[in-house]
Structures are given as C-alpha cells and as structure tokens.
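K.L.:
I have a structure I would like to understand better, so I am pasting it below and will then ask my questions one at a time.
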Amino acid sequence: MKTVQNTLKLAGVSAIALGAVFGASPAFSETVFEIAFNQPETHPQYKAMERFGEALAERTNGEYTVKIFPNELLGAQKETVEMAQTGTIAMSLAAASLLESWNPDFVVFNLPYVFDSMEHQKSVVNNPEIVGDLYNSVADQGIVVVAAFTAGSRNVYLKDRPVETPADLSGEKIRVMQSQTNIDMMNMMGGNGIAMGQGEVYTAIQTGVLDGGENNEVTYWSLKHSEIAPYFSYTQHLMIPDYLVMNVDMYEDLPDDVKQIFTEELQKAADYEFDVFAEDAAKSRALAEEAGATFNEVDLQPFRDAVRPLTEQKLTSDVTKKIYAQMHGEAQ
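FYI, in mature numbering (1 follows the signal peptide of the UniProt record, and there is no 0) the residues of the sequence shown are -29 to -1, 1 to 303.
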C-alpha cells in the first residue's frame, strides 16, 4: 500500500494509515489520500468527502481511496494546508479567508454580499470558466484547489434584540472572524467588530464582553449560542466557501482517467454538500426555535449600501475584477 504522505514527518499518523501494509498483496498497489478536516463527522462537508472517497474507490476498483481525519486531529487549518503544500498529507479543507495568505486574489469570495444567494454561490465556486485560473494560481506554491463547498450564509445574532437596520447594530460588540476585512465589514454594517476565536464566544457573550456574534444556523445551534444570544437576524452578509486543497504534485501525478474521476466525483460531492448544508441549516433553525430562539428576515439593501466601499477597496487586481464581473454577469 502506498500512502500519500510523508511517513518520516508524520510517523504517528502513518501507523494508522499504513495499518494494512504488511497484509497487502505485492500485486496490488493502493494509494490512500489523507484529508485533514477541522469539523466533526456529522458535518455536511465530512459527509461529502466521505461520499467522494467511496465513489473514488468504487470507480478505481480500490486502487485509490481516501482517509479523512476530522476534528483537527492533524492540526488547525493553516497547519494542515501547509502539510498538503509540502506533501506531508494529500489534502486539507481550508476556509476561503485562509488562502488569501497564499494569493490575495482569494479575497474575491470573502467580501460581503458578493453572492446573491446560495444558489448563486453554487453556480460560481465550482465553475472552471470563472474560478479555474484562481484555483490553479497557487500551484507554484505546492497546492491546487480541487473543489469548493458552502458554509452557508453568515448572519448576526444578538443577546437582547433582533436586528432590522444598520442602526440596530450601533454600539453592539459583535464577534467576527480573525481578519481585518471582517472587522472593517462589521464596523461598516453599524456594529463594533471584535475578532475572537470561536471557542471563546459563548463565554464572552454570557459575561457581556460581546453582545453577539455572526454565523450560520448550523454553527449557531451546535455551539449553543442560541442559549445566550436568542435573536438571529438574516443579514446574510457573508457566504464564504471552504476549499478542498490538494498537493499539486500528487494531483499532477494522477493518470488522466483518474483525474477525470476526481473532477466528476468532486463535483457530485460539492452538489451533495450544498443540498445537505441547506437541510442541516433548516433543521438547526427548527431546533433553535423550539428552544426559544427567534429568527427574522432583514431588508438587505441598507447593509449592502453600507459595505459597498469595502468591496470597491478590496477588488483591486485585474483577476478579482474579472471574476466579480463574470459572477454577477451570470446572476443577471
């Protein structure tokens, strides 16, 4: 069995992945692609990658398989992307904002209201005519984006009241992801953006350090934020994809027929994940409502107007301007 990883650098994981090596037939070579993931097995993205692995094994008669390591078993996302970059592992899930460190043009999908809906996002992020050059732009740094998944829409939730207009966010301390773009976005939306690790948010809201947060319904429910911030408002300010990145040499070494299987089955996996995420979001909302949380729709135009300068400020390269024009041309 050949395992796609550096066995010297990751000996502990190798023992797991190579458990069957001594019983392997010398006439059969199995390539195991190891995938690092930061969420649990119940997450829609895990389910999608699992389906991809099953299809890959079936269509290659077991010659190529995948092994997924959830719950940050191999490290945080930045570390595991670097592991894929060096060939220590084959693949890693990566938040879109993370890849800006490899190429600033990845900011194009990290901006507020860049997608009109999840359907719009689905039509763009795996469309090679729009994203092909961007996803291959990091190949000289050792990685390539082979698929994109949704993480739903991010929405504001507060502990004391719903949000209907930017004025409702005045003075409210809202946790955002740890990037200056996200801090600037929340400030422009009317609030006070506070960058903070996700694990600190519950206690910070509970103790008054924060007044609320922003996330999708699945995370809102699974992290029990509905208990301490029961007003969830559909500001829909972000729809950030997550990327499956792969070591470029491992990808290029694949036979052409296996590359075609990758393309076909990853597209199916992405389509499946979009559908499952929407279902899980609806289930999470229903559970949160049963527990006492309230959800309200929001007139998005005032928020769009408020953050438009940020989009104009960040879309500076020819690449990002072209992608933005293409994706909104499709939406018309």
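For every residue, glycine included, the Cβ atom is placed at its ideal position computed from N, Cα and C. Predicted, not measured: the structure shown is a model, and the values here were computed from it.
Taking a contact to mean a Cβ-Cβ separation below 8 Å, would you say G164 touches S141 in this structure?
P.N.:
Position 193 of the sequence shown holds residue 164. Position 170 of the sequence shown holds residue 141. Going by C-beta atoms, G164 is not nearer than 8 Å to S141.
K.L.:
One question on the structure: do A200 and I232 come within less than 8 Å of each other, judged by their Cβ atoms?
P.N.:
Within the sequence shown, residue 200 is the residue found at index 229, counting from 1. Within the sequence shown, residue 232 is the residue found at index 261, counting from 1. Not closer than 8 Å, so no.
K.L.:
Would you kindly report the start and end of the unbroken alpha helix (DSSP H) that includes T190?
P.N.:
Counting from one through the sequence shown, the residue named residue 190 turns up at place 219. E188 to S193 is the extent of the alpha helix (DSSP H) around T190.
K.L.:
Entirely within the stretch 45 to 124 and at least 4 residues each: give me those alpha helix (DSSP H) ranges in chain order.
P.N.:
Those alpha helix (DSSP H) runs which fall completely within the stretch 45 to 124 and span 4+ residues are 48 to 57, 89 to 96 and 99 to 107.
K.L.:
Are the beta-carbon atoms of N187 and G103 separated by less than 8 Å?
P.N.:
Along the sequence shown, read from residue 1 onward, the residue named residue 187 stands at position 216. Along the sequence shown, read from residue 1 onward, the residue named residue 103 stands at position 132. Their beta carbons are not under 8 Å apart, which means N187 does not touch G103 by this criterion.
K.L.:
Exposed or buried, P41, counting other C-beta atoms within 10 Å across all chains shown (16 or more means buried)?
P.N.:
Locating residue 41 in the sequence shown gives position 70, where the first residue counts as 1. With 16 or more other Cβ atoms within 10 Å, it is buried.
K.L.:
Keeping to the same chain, check which residues put their C-beta closer than 6 Å to that of I39; ignore five residues upstream and five downstream.
P.N.:
The count along the sequence shown starts at 1 and reaches residue 39 at position 68. I6, F8 and M20, listed in sequence order.
K.L.:
Which stretch, first to last residue, makes up the beta strand (DSSP E) that contains G164?
P.N.:
Within the sequence shown, numbered from 1, the residue matching residue 164 stands at position 193. Looking at the DSSP string, the run of the beta strand (DSSP E) that includes G164 is N163 to A166.
K.L.:
Return the residue from the list K239, T265 and E283 that minimises the CA-CA distance to A118.
P.N.:
The count along the sequence shown starts at 1 and reaches residue 118 at position 147. For the residues K239, T265 and E283, the minimum Cα distance to A118 belongs to K239.
K.L.:
Enumerate in chain order the residues of its own chain whose CB-to-CB distance from I154 is below 7 Å, with the five nearest sequence positions on each side excluded.
P.N.:
Position 183 of the sequence shown, counting from 1, holds the residue named residue 154. So the list reads V147, G164 and A166, once near-sequence residues are dropped.
K.L.:
Give me the DSSP bridge partner(s) of A7.
P.N.:
Position 36 of the sequence shown, counting from 1, holds the residue named residue 7. DSSP output for A7 lists F40 and S63 as bridge partner(s).
K.L.:
Measuring straight from C-alpha to C-alpha, what distance separates R132 and I60?
P.N.:
Against the sequence shown, residue 132 aligns to sequence position 161. Against the sequence shown, residue 60 aligns to sequence position 89. Approximately 46 Å, taken between the alpha carbons.
K.L.:
Only counting the same chain, and skipping five residues up and downstream in sequence, which positions put a Cβ closer than 6 Å to that of Y84?
P.N.:
To locate residue 84, count along the sequence shown from 1; it is residue 113. Closer than 6 Å at the Cβ level, and outside the excluded window around Y84, lie R275.
K.L.:
Residues bridged to R275 by DSSP?
P.N.:
Residue numbering aside, residue 275 sits at position 304 when the sequence shown is read from its first letter. The partner list for R275 (beta bridge, DSSP) is empty, contrary to what the question assumes.
K.L.:
Do Q48 and S72 have their beta-carbon atoms positioned less than 8 Å apart in this structure?
P.N.:
For the purposes of this step, residue 72 is identified with residue 101 of the sequence shown, where counting begins at 1. For the purposes of this step, residue 48 is identified with residue 77 of the sequence shown, where counting begins at 1. Not a contact, by the Cβ cut-off of 8 Å.
K.L.:
If you drop the 5 nearest sequence neighbours on each side, which residues of the same chain put their C-beta closer than 8 Å to that of T265?
P.N.:
Here the question's residue 265 lines up with position 294 in the sequence shown. Closer than 8 Å at the Cβ level, and outside the excluded window around T265, lie P133, P201, Y202 and F203.
K.L.:
Work out the CA separation of F120 and Y191 for me, nearest whole Å.
P.N.:
Here the question's residue 191 lines up with position 220 in the sequence shown. Here the question's residue 120 lines up with position 149 in the sequence shown. Using only the alpha carbons, I get a separation of about 19 Å.
K.L.:
Which residue wins for smallest C-alpha separation from A67, given the options G58, H299 and V79?
P.N.:
Here residue 67 refers to the residue found at position 96 when the sequence shown is read from its first residue. Of the candidates G58, H299 and V79, the one whose C-alpha sits nearest the C-alpha of A67 is V79.
K.L.:
With DSSP as the reference, please indicate the residues paired to G184 in a beta bridge.
P.N.:
As a first step, residue 184 must be located in the sequence shown, where it is residue number 213. Beta-bridge pairing links G184 to Y128.
K.L.:
Report back the beta-carbon spacing between D182 and K130 to the nearest angstrom; my notes put them in contact at under 8 Å.
P.N.:
Position 211 of the sequence shown, counted from the first residue, corresponds to residue 182. Position 159 of the sequence shown, counted from the first residue, corresponds to residue 130. Going by Cβ atoms, the distance from D182 to K130 rounds to 6 Å, so yes, they are a contact pair.
K.L.:
Which stretch, first to last residue, makes up the beta strand (DSSP E) that contains P212?
P.N.:
Taking the sequence shown and counting its residues from 1, the one referred to as residue 212 is at position 241. It spans P212 to N218 - the beta strand (DSSP E) in which P212 sits, taken as one unbroken run.
K.L.:
If distances are taken between C-alpha atoms only, which option among T152, Y106, G33 and T57 comes closest to E283?
P.N.:
Here the question's residue 283 lines up with position 312 in the sequence shown. For E283, the nearest C-alpha among the options comes from T152.
K.L.:
Does the distance from the CB of A65 to the CB of Y214 come in under 8 Å?
P.N.:
Counted from its first residue, the sequence shown places residue 65 at position 94. Counted from its first residue, the sequence shown places residue 214 at position 243. Yes, the pair counts as a contact, with Cβ atoms nearer than the cut-off.
K.L.:
Would you mind giving the Cβ-Cβ distance between Y295 and L281, rounded to the nearest angstrom? I have them listed as a contact below 8 Å.
P.N.:
As a working mapping, residue 295 is identified with position 324 in the sequence shown. As a working mapping, residue 281 is identified with position 310 in the sequence shown. Going by Cβ atoms, the distance from Y295 to L281 rounds to 13 Å, so no, they are not a contact pair.
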